Amino acid sequence: MATKIKTLDEAKEAVKTEKGNVKEAKKALTDYYKENKLKKTGDYSGDKKHSKKIAKLEKEVEKASTNLTKAQEAVKELKPAASSRTKYDYPDDVDTPEKRKKYRQKMRAEANGDKPKKKKASKAKAKKEESPEDTGSNKKSSTKKTSSKKKPAKKKVTKKKVTKKKTTKAKGKKKSTPKDD
């Protein structure tokens, strides 16, 4: 991201490349952690073996993320402002809500340069195009309707276990009877 971004397309392309750079830098750092069996949350700044490499990788991630934010800011600056709400001055003959709606549609179409919208093919036409003509030999399959909806999954019914209540009777104890001495 050393060059100055001049157009919106360049800015969008820069955002894509910088996102890839951030992803690669983060992947390199996580790979290093996995390779050396280190925890991501651990502090390895005092470690002689890993501190330099981890610091270098973290610096790359930070640099890539700052470049990404710069590219995103450039996109925001170069993006044209959205048009505000348009007030329409209706002619006298346009008096019902339906006519007003049609008038607004017409005015928007003129403002956009009369770009025709792509019309969706109806479902009936789409079905005719997909399925070949039936010769009549297989009447059962042609009259059978197939539904595109999935059938609901069967509910699993679990039975509750019935546990016996513990009795409060004391086992092994007999009633004491007065003995004659």
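For this note's numbering, count along the sequence shown from 1 and bump the result up by 4. For every residue, glycine included, the Cβ atom is placed at its ideal position computed from N, Cα and C. Keep in mind the model is a prediction, meaning the values are calculated, not measured.
Let me confirm a value: residue i is counted as buried when at least 16 other C-beta atoms fall within 10 Å, else exposed. Which label applies?
i	result
Ala78	buried
Glu81	exposed
Glu17	exposed
Asn116	exposed
Glu28	exposed
Ala15	buried
Glu102	exposed
Let me know the secondary structure DSSP gives residue i once reduced to three states.
i	result
Lys91	coil
Asn25	helix
Asp13	helix
Lys8	coil
Lys83	coil
Val65	helix
Val98	coil
Asn71	helix
Ala18	helix
Ala115	helix
Lys143	Because Lys143 sits at a pLDDT of 49, beneath the cut-off of 50, its placement in the model cannot be relied upon, and the following sentence gives the value as read from the coordinates. In this structure, Lys143 counts as helix in the three-state DSSP scheme.
Beta-carbon within less than 8 Å of residue i's beta-carbon, same chain only, minus the 5 sequence neighbours each way: which residues are those?
i	result
Ala32	Leu61, Glu64
Ser55	Tyr48, Ser49
Thr11	Leu82
Gln76	Val19
Lys43	Tyr37
Ala200	Look at the range of the chain in this structure, 5 to 185, and you will see that residue 200 is not part of it.
Leu72	Val19, Glu22, Lys23, Asn25, Val26
Tell me which residues share the same chain as residue i and place their Cβ nearer than 7 Å to its Cβ, disregarding the 5 neighbours each side in the sequence.
i	result
Arg104	Tyr94, Val98
Lys57	Tyr36
Ser141	Here Ser141 scores only 49 on pLDDT, less than 50, and its place in the model should not be relied on; the value that follows carries that caveat. No residues qualify anywhere along the chain.
Arg108	Tyr92
Met224	The question about residue 224 has no answer, for the chain in this structure spans 5 to 185.
Glu114	none
Who are the near neighbours of residue i in its chain, counting only those whose CB is closer than 6 Å to its CB and skipping five residues on each side?
i	result
Thr162	none
Asn25	Ala68
Thr167	none
Every unbroken beta strand (DSSP E) within the segment 24–54, with a cutoff of 3 residues, ordered by chain: none
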